[in-house]
Structures are given as C-alpha cells and as structure tokens.
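**Q** For the sequence shown, the numbering used here gives the first residue as 1499, with consecutive numbering after it. In this text, a Cβ means the ideal position worked out from N, Cα and C, and glycines have one as well.
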Amino acid sequence: VSTRRRTACRFPTPGLPIEGTIPLEGLPSDAVIADGGVWIAGAFGDLIRVDERTGETDTRRIGGKLVSLAATEDRLWVVDSDGLVVVFDLQTRRVLQSIPIGGRPVDVAVGSSGVWIADQRGERLVRIDETTLERTSFALAGPPAAIAIDEDRGVIWVRTAGTGTPA
C-alpha cells in the first residue's frame, strides 16, 4: 500500500490553469460529481467529498478497497473489490445498504435501466434494480474492464479485459 501523497486538482474552465490542489493520502481509484461536490474513492476505504465551491473535504469511512463510483440524484453507488455494492445516501451521508454480488467488481454505471456492475472474475454484468435492489446477471464473452451507458441510444458499452474494443 502506497502512502505517498496525491492531490486532486480543480480545473474551473477547460484551458485555464489549475485553480488549486487538495492533498489526498494514497492513490484514489475513482471520482464522480454529485450533490455540489466531487466524491472520491479514497485509497484506504474512505469516501471523500470535496466541496466544489470551498474546496473543503469531508471523509466517511466505508471500508474495503473502493474501486468505482456512480451517482444518481440522491445516492452514490460504491463498488468495492470484495464483491459488495454500497448504497450511500447523499442527503444523510450514511450507508443505506451493502449488497453482496460476489466476484471481482471493477466498474459501475447508472442509467434509467438500473445500476450496472462489471464483474471481472464472473465474466458478467450484474444489474441492480434501484427500487427493489433485485439483482440480475448477464454473462459476457470475456472479463469486463469498464462499462458506460448511452441513455440516448439505449446501449451499454462494455470493454472486456485484454481487448481494445467495446463488446
């Protein structure tokens, strides 16, 4: 585990100089913008919120090795390497639920069709219904490395490990 200091940088407008930096411990794995801040998956199981206006940070201990984040209007969906999806409420700043999906999750994306998790070990996508939290698995031809949702076209893009093309 690296204890080297990393920084998060703010770019107020493309092409302009960095506005400031915020020191972080270790190497963060992901970031997402939600609820007036930038949420960062910290290196040591911490969920860090950086206020967009003030630059102040607020840290919540989630545990595990956080891998990927996705946001809806009122929730963060946090995936950890132990096969858990943590549902975090943005208003109360509390964990609502931990949903075991197993495998080795490597990415998460949210769309109108639900929350989608790429499970590399299981070579599958797992869909979680946001309302019922019911899980459905979809087999893939290879281990996924990244996913993205194109809402306009109704398409889920999957990059499989070892390939350079979406599935």
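(1) With H, G and I counted as helix, E and B as strand and the rest as coil, what does DSSP make of Ser1566?
(2) Residues in its own chain within less than 6 Å of Ala1637 by CB, not counting five upstream and five downstream?
(3) Is the region 1541-1551 close to the region 1520-1533, with three or more CB pairs under 8 Å?
(4) Going by DSSP, what residue range makes up the beta strand (DSSP E) through Arg1592?
(5) Pick helix, strand or coil for Gly1561, following the three-state DSSP scheme.
(6) Given a cut-off of 8 Å on the beta-carbon distance, is the pair Ala1541 and Glu1554 in contact?
(7) Nearest by alpha-carbon distance to Thr1629: which of Val1585, Ser1635, Ala1639 is it?
**A** Straight from the coordinates:
(1) strand
(2) Arg1622
(3) yes
(4) 1592-1598
(5) coil
(6) no
(7) Val1585
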